[in-house]
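As numbered in the UniProt record's numbering, residues 1 to 430 make up the sequence shown, in order.
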Amino acid sequence: MANFNYLTSETNVNWSTDITVTGEYGDMLRPTYMSGASLYNSSDNTTQTYPTDPSLEKKVADWILRIIPLLLLIFGCIGNILAFLVMRRPFVRHTWMGYLLAALAVVDTLVLIFGLSRHLIRIYWDIDIRVLHDAMCKTHRFVLYTCQDLGAWLLVTLTTGRFISIRFPFRSVTWCSVGRAKLALVICTTIMIAKNVHLFFTQSVEEIYPGKLKCTVLEEHKEFWVVAWPWIALSIYAAGPFTAMIIMNLFISRSLRKSDQFRKKTVIHQNGLRNKQPGKKYSDTTEGGANVNNHETTRSMTYMLLTVNFVFLITATPSFVVLIIEKYQPIPDLVDAFVLILNYTNHAVNFLLYCVSGHRFRRELGKLTKHCFRCRQQNDNDSSQGGTGRYIITPHSRSPAISRNNLNLGDASESTRLSPCRLSPNLSRV
Numbered sequence: 001m002a003n004f005n006y007l008t009s010e011t012n013v014n015w016s017t018d019i020t021v022t023g024e025y026g027d028m029l030r031p032t033y034m035s036g037a038s039l040y041n042s043s044d045n046t047t048q049t050y051p052t053d054p055s056l057e058k059k060v061a062d063w064i065l066r067i068i069p070l071l072l073l074i075f076g077c078i079g080n081i082l083a084f085l086v087m088r089r090p091f092v093r094h095t096w097m098g099y100l101l102a103a104l105a106v107v108d109t110l111v112l113i114f115g116l117s118r119h120l121i122r123i124y125w126d127i128d129i130r131v132l133h134d135a136m137c138k139t140h141r142f143v144l145y146t147c148q149d150l151g152a153w154l155l156v157t158l159t160t161g162r163f164i165s166i167r168f169p170f171r172s173v174t175w176c177s178v179g180r181a182k183l184a185l186v187i188c189t190t191i192m193i194a195k196n197v198h199l200f201f202t203q204s205v206e207e208i209y210p211g212k213l214k215c216t217v218l219e220e221h222k223e224f225w226v227v228a229w230p231w232i233a234l235s236i237y238a239a240g241p242f243t244a245m246i247i248m249n250l251f252i253s254r255s256l257r258k259s260d261q262f263r264k265k266t267v268i269h270q271n272g273l274r275n276k277q278p279g280k281k282y283s284d285t286t287e288g289g290a291n292v293n294n295h296e297t298t299r300s301m302t303y304m305l306l307t308v309n310f311v312f313l314i315t316a317t318p319s320f321v322v323l324i325i326e327k328y329q330p331i332p333d334l335v336d337a338f339v340l341i342l343n344y345t346n347h348a349v350n351f352l353l354y355c356v357s358g359h360r361f362r363r364e365l366g367k368l369t370k371h372c373f374r375c376r377q378q379n380d381n382d383s384s385q386g387g388t389g390r391y392i393i394t395p396h397s398r399s400p401a402i403s404r405n406n407l408n409l410g411d412a413s414e415s416t417r418l419s420p421c422r423l424s425p426n427l428s429r430v
């Protein structure tokens, strides 16, 4: 059985900074190395005191942990909500990729809320919500770990589906569908729940020394937590997705090169036919030709996904590297803070990545914004005019709740007043 060292209350320790990304998975795997703290060794009942050193590194780490997580929480949640709304647009929501990206936006939002909110509460109010109740200790860890794992494997699923769409374009019609995307989401969620369900039985709030509570592993499960859990977390959250994405991205890049070569040969062949038969018209969608719009859309979605994968690899790599190193030596405060920021940045910047790398996403976002402003302006105009207006209904898509009997074509009464933004697309204002 490994010896566990815990902080004692002999000195005034700033517990608010005792949170790291590696700590989310491994904060019970090692003693907490902090300036000016006394460490209690439970094996021989001895105490070792470290000198207080308010170094510049410590001050910079504290400043980072107070400012940047708050910005990530605010802008990350707003960005993920906007990404979800765009992915639920009619053009995108009926595709397997739009469905999984919408699910990823929800998962990323949950990670930010459960992870950074706890961190900020500890920073500003010196309260750890995990120790408020035993159920909170178990549930918070379970939800956070499950969402972190699920977010990583949703990216793997998206990358695999994108590879299938590029490498096997005809089979992808049946292999990559919304139904199969839902099935993949259910399978991934079930596996991650099964992986983390042990937290309800191995975790509890315990008094590690008089007056200090901590959400920690139960004594009878410490060997599992020290020996097996780091490798499980490393494989599921970091190394597994990392390896899968690297392999899939290499396959995608290779398939894109082959696709470009085939498309160039097709265009050359089509141009030759045009020269031989100048009177015959050829379009980009004729048989034997490439559909330019579909090709550009495919490339845009592919590059957008590759960008997201690349950022994940950059931001996730330090977390599992530190997870390995921390078993052998203490991690500096500034490194801990840096890893924390990188890990949660991965869940906060997807919206920006979509905007930068996906022109189709930007187009749908623009349509969503215009629609919202148009509806708001129309509702304001209706309110200022007292709700007067004339409306017509085209015969093809009459809303079930609206008929000519209850729709006033003159001045609308209070009970029949309608807004064009709430009507069907073929219900327009005169």
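Quick reminder that beta carbons are idealized off the backbone N, C-alpha and C, glycines included.
Option nearest residue i by Cα separation, candidates the options
| i | options | result |
| --- | --- | --- |
| Leu71 | Tyr354, Asn379, Phe373 and Tyr344 | Tyr344 |
| Phe200 | Ser177, Val173, Gly179 and His140 | His140 |
| Lys367 | Glu57, Arg88 and Pro69 | Arg88 |
| residue 451 | Val131, Ile191, Met245 and Val173 | Given that the chain is displayed from residue 1 to residue 430, the structure contains no residue 451 and the question cannot be resolved. |
| Tyr237 | Thr202, Ser259, Leu250 and Cys188 | Cys188 |
| Trp229 | Phe170, Asn381 and Gln203 | Gln203 |
| Thr159 | Trp225, Thr243, His198 and Gly115 | Thr243 |
| Glu57 | Ala184, Asn379 and Ala337 | Ala337 |
| Phe114 | Pro69, Pro332, Trp125 and Leu313 | Pro69 |
| Met248 | Leu313, Trp125, Glu223 and Val131 | Leu313 |
| Ile67 | Ser117, Val107 and Arg93 | Ser117 |
| Lys327 | Asn381, Trp225 and Gln378 | Trp225 |
| Asp108 | Arg93, Trp125 and Gln148 | Gln148 |
Any non-hydrogen atom of the ligand ZN within 8 Å of residue i CB
| i | result |
| --- | --- |
| Leu104 | With respect to the ligand ZN, the structure shown offers nothing to examine, as it has no ligands at all. |
Proximity below 9 Å, CB of residue i to CB of residue j
| i | j | result |
| --- | --- | --- |
| Val86 | Phe361 | yes |
| Leu154 | Ala103 | yes |
| Thr146 | Ala181 | no |
| Ala61 | Leu334 | yes |
| Phe205 | Thr216 | The residue asked about is misnamed: residue 205 is Val in this sequence, not Phe. A contact, by the Cβ cut-off of 9 Å. |
| His133 | Leu65 | no |
| Gly161 | Leu100 | yes |
| Met192 | Leu150 | yes |
| Met97 | Leu305 | yes |
| Val311 | Val322 | no |
| Ile81 | Ala105 | yes |
| Pro241 | Ala152 | yes |
| Thr95 | Val178 | yes |
| Ala239 | Phe168 | no |
Three-state secondary structure assigned by DSSP to residue i
| i | result |
| --- | --- |
| Tyr328 | coil |
| Leu353 | helix |
| Ala176 | Here residue 176 is Cys; the residue named in the question, Ala, does not match the sequence. Three-state result, Cys176: coil. |
| Ile164 | helix |
| Ile127 | coil |
| Leu365 | helix |
| Thr190 | helix |
| Thr345 | helix |
| Ser204 | strand |
| residue 458 | Nothing can be reported for residue 458, as the shown portion of the chain is limited to 1 through 430. |
| Val106 | helix |
| Leu73 | helix |
| Arg88 | coil |
| Lys138 | helix |
| Val217 | strand |
Integer-rounded CB distance, given that residue j should sit under 8 Å from residue i
| i | j | result |
| --- | --- | --- |
| Trp175 | Ile166 | So it is not a contact: roughly 12 Å between Cβ atoms. |
| Ala348 | Phe84 | Going by Cβ atoms, the distance from Ala348 to Phe84 rounds to 14 Å, so no, they are not a contact pair. |
| Ser357 | Tyr303 | 5 Å |
| Glu207 | Leu213 | 6 Å |
| Leu73 | Leu112 | 5 Å |
| His371 | Ser300 | That belief does not hold up - the Cβ atoms of His371 and Ser300 are roughly 21 Å apart, past 8 Å. |
| Ile325 | Ile331 | 7 Å |
Chain-order list of residues whose beta-carbon lies under 7 Å from that of residue i (same chain, five-residue window excluded)
| i | result |
| --- | --- |
| Phe91 | Glu364 |
| Ile121 | Ile127 and Ile129 |
| His221 | Thr202 |
| Ser172 | Ile164 and Ser165 |
| Trp231 | none |
Cutoff 6 Å; reference residue i; Cβ partners in own chain excluding five residues on either side
| i | result |
| --- | --- |
| Asn196 | Phe142, Tyr145 and Thr146 |
| Val79 | Residue identity differs from the one stated: residue 79 is Gly in this sequence, not Val. The residues are Phe351. |
| Thr315 | Leu342, Thr345 and Asn346 |
Close beta carbons around residue i, own chain, < 8 Å, minus the five adjacent residues each side
| i | result |
| --- | --- |
| Thr307 | Leu353, Val356 and Ser357 |
| Val131 | Cys137, Val205, Leu213, Lys214 and Cys215 |
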